[in-house]
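S.K.: Residues in the sequence shown are numbered consecutively from 8, following my numbering.
The C-beta atom is built at its ideal place from N, Cα and C for all residues, glycine as well.
Everything numeric in this text was worked out from a predicted model, so none of it was measured.
Before anything else, here's the structure in question.
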Amino acid sequence: MRLGILGPVLVLDDAGEQIHLAVRQRTLLAALLVHVNRTVPVHQLAELVWDGAAPHNAQRTIRTYVVRLRHDLGPAVAARVVTHSPGYLIRLEPAELDTLEFEALCRHAGAALGAGSGNEASSAATEALGLWRDAPLLDVPSQLLREQCLPRLEQLRLQAAEDGAEARLRLGEHDGLVPQLRELAGAFPLREKFHVQLMTALARAGRRAEALAAYQNARKVLVGELGIEPGPELRAVHEFVLAGERELARDRPGDGVPRVEVAGTGVGTGAQTSAAAVVPRHLPSAPGHFTGRQDELLILATLPNRPMQSDTQTVAQAQTDAAGAVVISAIDGMAGIGKTALAIHAAHRLAESFPDGQLFLDLHGYTKGHAPRTADQALDFLLRALGVPTERIPLDGELAAALYRQRLAETRTLIVLDNAATEAQVRPLLPGTGSCLVLITSRVRLKGLDDAQIISLDLLAESDAVALLRAVAGPDRVAPEDPLAGEIAGLCGYLPLALRIAASLLRHRPAWGLEQLAGQLRDRRRRVSALSDGERGLPAVFDLSYLSLDEAHRRLWRRLGLIPGPDLDAYAAAALAELAPERAAGLLEDLVDHNLLIAYAPGRYRLHDLLRAHAHTLAAADPAPESEAAVGRLLHYYAHTARSASVPIARHP
8 MRLGILGPVL
18 VLDDAGEQIH
28 LAVRQRTLLA
38 ALLVHVNRTV
48 PVHQLAELVW
58 DGAAPHNAQR
68 TIRTYVVRLR
78 HDLGPAVAAR
88 VVTHSPGYLI
98 RLEPAELDTL
108 EFEALCRHAG
118 AALGAGSGNE
128 ASSAATEALG
138 LWRDAPLLDV
148 PSQLLREQCL
158 PRLEQLRLQA
168 AEDGAEARLR
178 LGEHDGLVPQ
188 LRELAGAFPL
198 REKFHVQLMT
208 ALARAGRRAE
218 ALAAYQNARK
228 VLVGELGIEP
238 GPELRAVHEF
248 VLAGERELAR
258 DRPGDGVPRV
268 EVAGTGVGTG
278 AQTSAAAVVP
288 RHLPSAPGHF
298 TGRQDELLIL
308 ATLPNRPMQS
318 DTQTVAQAQT
328 DAAGAVVISA
338 IDGMAGIGKT
348 ALAIHAAHRL
358 AESFPDGQLF
368 LDLHGYTKGH
378 APRTADQALD
388 FLLRALGVPT
398 ERIPLDGELA
408 AALYRQRLAE
418 TRTLIVLDNA
428 ATEAQVRPLL
438 PGTGSCLVLI
448 TSRVRLKGLD
458 DAQIISLDLL
468 AESDAVALLR
478 AVAGPDRVAP
488 EDPLAGEIAG
498 LCGYLPLALR
508 IAASLLRHRP
518 AWGLEQLAGQ
528 LRDRRRRVSA
538 LSDGERGLPA
548 VFDLSYLSLD
558 EAHRRLWRRL
568 GLIPGPDLDA
578 YAAAALAELA
588 PERAAGLLED
598 LVDHNLLIAY
608 APGRYRLHDL
618 LRAHAHTLAA
628 ADPAPESEAA
638 VGRLLHYYAH
648 TARSASVPIA
658 RHP
């Protein structure tokens, strides 16, 4: 069998016959192939198949599509599609999937080049590039899926082209390389390596004037597009050409270019530049009208308070401290509670304590239209932010993580990892030494990060909620002592995002007063939908949390929207969802971990008013007989419990 995504999706059975798939099954297969040999959760498959617009019943539909896909693939290929909680994976060997073979050949080409075997490197690179039939996923209508895999594949392709050209330069194939390198330098003008190789080939072929012209073209693009001068490698080749040198280190293992002295390091590095010169300042602007959270800010302020900050500390003491465990704070809470705002606000206050830089990365754990960033994607971003040239970032994830830790070793760098989905997503992004501070935000309680300082955000106090409402809407719109301001804060559930949206509505609708806004919010059924002001809206924000759940948790969540009272226990949940009490208790605790439920007492759970309204809206889409039966079971449970309790009361008047 043979499968491929380096072009239109390709499926060949054991007999070499091509299998054609319907568009949904083809997209589903492509999603599995992009994550080959890794489990893809059902909710993530749904987002990829529907390109970020999955319907509420998407997880159930995905399971139907998997059944159809297995049928269409035939027994041999279908056997490789495996059910593995919480989703599915496809198991394939490198020879059975073009991307696996492509990556293996790219690694082989790089290793052969490093070992000085030009013929082997050239052959492997040529074979790797030959696997591309067309643009990857050409017939897959999922922009989300393409965004997830194309950047990495394209980088691998460019690296293979570089390695192949480097090998041929070492083999003396200068003239034959010039047309290919002109095309590559023209297609990827910001990739300096192709300009270096083109100049090298021209110079070795005796075409010195053309080599100098190629440098001027490259410099014009870099200055015009990026506002930067050429890097040390390109400048070094230029200087050699100006000096009339035609033999540019042909026999030196490594880059095939002169060694370049990097200012301030005393080290010749070839193509490498000093990452130490790059001090990233990536924090977004501080959130406006930040209100409250004084206790949490105090906790965060103490995290970097280490002896290393003392001016009297010796270098040896600093190195000892840096070898300690990395300092991590994981901030969690329900959607809209202000996790990112707190992290950014705290990061700006802490920035002076981390002179080596501040990194910020949105992991897209809960972002509409975006799949969560993989560790490889995140490491690629962070390493480039630390000044590592793209072509120097290892293709292997473990090597990339090791390089990331090496770059951060003995530095004082602040890293903000925003919007994380799981512990597994952030673990490869943690530095290896205690001189750095990592702030993580997530809607899920990251209990698996044993050494992290967990900060679970609660709702704002009423005074802080009113202060936020007044700050955003404007003091002329909200009087500090107006009782309607307190009512609106309560109707917003003291949730920062809801308060900001309500204040924005008030600010941009001059005809509205507090009474009109309160009137819009008093209707519980319309309250969540009313809290929307264009790009921001509670329904979409809450939907992302709901869609991250599997079907069992989604079903229970919708049932919770039917409860008549403010809270419930596991037995009531079991009645609603027709589950064993033990199973219901486990699901409820999972919802607590996802910050969708509040465990306010042992065995007792309640919903935030706005989340309860959201669950009620979702429940309304279920078939009426199912919802009526669920409510009937709940009322029967309440009646049975009341009767059971009345017996001992009657016996002991």
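Nearest-angstrom Cα distance between V43 and A428?
M.R.: Near 20 Å, if we compare the C-alpha coordinates of A428 and V43.
S.K.: May I ask you to verify whether the segment 525 to 537 touches the segment 553 to 570, counting CB pairs closer than 8 Å and requiring at least 3?
M.R.: The segment 525 to 537 vs the segment 553 to 570: no contact.
S.K.: Flag this pair as touching only if the segment 622 to 629 and the segment 462 to 475 have three or more C-beta atom pairs under 8 Å; answer yes or no.
M.R.: Because the criterion of three Cβ pairs below 8 Å is not met, the segment 622 to 629 and the segment 462 to 475 do not touch.
S.K.: DSSP three-state label for Y501, please.
M.R.: Here Y501 sits in coil by DSSP.
S.K.: Cutting at 8 Å between CB atoms, please list the residues of its own chain near Y72, excluding the five before and the five after it.
M.R.: The residues are R31, Q32, L35, V56.
S.K.: Is K92 helix, strand or coil by DSSP?
M.R.: In the sequence as displayed, the identity of residue 92 is Ser instead of Lys. Note: S92 maps to coil in three-state DSSP.
S.K.: Hey, out of E494, R9, P571, whose CA is closest to E522's CA?
M.R.: Checking every option, the nearest Cα to that of E522 belongs to E494.
S.K.: Closer than 7 Å by C-beta to R98: which residues in its own chain qualify, once you throw out the five before and the five after it? Chain order, please.
M.R.: These residues qualify, in order along the chain: N44, R87, V89.
S.K.: Pick helix, strand or coil for H377, following the three-state DSSP scheme.
M.R.: Three-state DSSP puts H377 in a strand.
S.K.: Let me confirm a value: G11 is counted as buried when at least 16 other C-beta atoms fall within 10 Å, else exposed. Which label applies?
M.R.: When all chains shown are included, G11 counts as buried.
S.K.: Return helix, strand or coil for S360, following the three-state DSSP convention.
M.R.: In this structure, S360 counts as helix in the three-state DSSP scheme.
S.K.: Note down, in chain order, each residue of its chain lying with its Cβ closer than 7 Å to the Cβ of G364, except the 5 sequence neighbours on either side.
M.R.: V286, P287, R288, T420.
S.K.: Check this for me: beta carbons of L4 and L96, under 8 Å apart or not?
M.R.: In the structure as shown, the chain begins at 8 and stops at 660. Residue 4 is therefore absent and cannot be evaluated.
S.K.: Can you tell me where the alpha helix (DSSP H) holding I335 begins and where it ends?
M.R.: Careful: I335 lies outside any alpha helix (DSSP H), inside the beta strand (DSSP E) at 334 to 339.
S.K.: Taking only the alpha-carbon atoms, compute the straight-line gap between L104 and R9 and give it to the nearest angstrom.
M.R.: Computed Cα separation, rounded: 6 Å.
S.K.: In this structure, does DSSP put G593 in helix, strand or coil?
M.R.: Helix at G593.
S.K.: Give me the Cα-Cα distance between M341 and Q150, rounded to the nearest whole angstrom.
M.R.: M341 and Q150: Cα-Cα distance of roughly 29 Å.
S.K.: Is the segment 174 to 182 close to the segment 59 to 72, with three or more CB pairs under 8 Å?
M.R.: Too few Cβ pairs lie closer than 8 Å, so no.
S.K.: Taking contact to mean 3 or more Cβ pairs, one atom from each stretch, closer than 8 Å, check whether the segment 385 to 395 and the segment 443 to 454 are in contact.
M.R.: Not touching, per the Cβ criterion.
S.K.: Classify E24 as buried or exposed, calling it buried when 16 or more other Cβ atoms lie within 10 Å of its own Cβ.
M.R.: Exposed: under 16 other Cβ atoms inside 10 Å.
S.K.: Is L504 near G295, with beta carbons less than 8 Å apart?
M.R.: The answer is no: Cβ separation not under 8 Å.
S.K.: Reducing DSSP to helix, strand and coil, say where L138 ends up.
M.R.: Here L138 sits in coil by DSSP.
S.K.: Since P588 and A577 should fall inside the 8 Å C-beta cutoff, what is the C-beta to C-beta distance between them, to a whole number of angstroms?
M.R.: P588 to A577, Cβ: 5 Å. Contact.
S.K.: Is the CB-CB distance between A208 and L249 below 8 Å?
M.R.: Not in contact: A208 and L249 (Cβ atoms no closer than 8 Å).
S.K.: State the start and end residues of the unbroken beta strand (DSSP E) segment that holds G11.
M.R.: First-last of the beta strand (DSSP E) with G11: 9 to 11.
S.K.: Could you check how far apart the C-beta atoms of A102 and E108 are, in whole angstroms? I think they sit under 8 Å.
M.R.: With 8 Å as the limit, A102 and E108 qualify as a contact, their Cβ atoms being about 6 Å apart.
S.K.: Any heavy atom of the ligand MG closer than 7 Å to the CB of G117?
M.R.: Ligands displayed in this structure: none; no statement on the ligand MG is therefore possible.
S.K.: Using 8 Å as the threshold, is the C-beta distance between E240 and E199 below it?
M.R.: In contact: E240 and E199 (Cβ atoms closer than 8 Å).
S.K.: Among A649, I570, P148, which has the Cα closest to the Cα of A636?
M.R.: Here the closest residue by C-alpha is I570.
S.K.: Less than 7 Å between C-beta atoms, sequence neighbours within five positions excluded: which residues of the same chain meet that for T133?
M.R.: These residues qualify, in order along the chain: G171.
S.K.: In this structure, does DSSP put I235 in helix, strand or coil?
M.R.: Looking at I235 - three-state DSSP - the assignment turns out to be coil, as it is neither helix nor strand.
S.K.: Between I422 and the rest of its own chain, which residues show a CB-CB distance below 6 Å, the 5 nearest in sequence each way excluded?
M.R.: Answer for I422: L366, V445, listed in chain order.
S.K.: To the nearest angstrom, how far is it from the Cα of R590 to the Cα of A581?
M.R.: Going by the C-alpha atoms only, they are around 8 Å apart.
S.K.: Which residue or residues does DSSP assign as beta-bridge partners of Q301?
M.R.: Paired residues: none, contrary to the question.
S.K.: Quick check on K346: buried or exposed, where buried means 16 or more other Cβ atoms within 10 Å of its Cβ?
M.R.: K346 comes out buried.
S.K.: Please list, in chain order, all residues of the same chain as H91 whose beta carbon is under 6 Å from its beta carbon, the five residues on each side excluded.
M.R.: Correct list, in chain order: T46.
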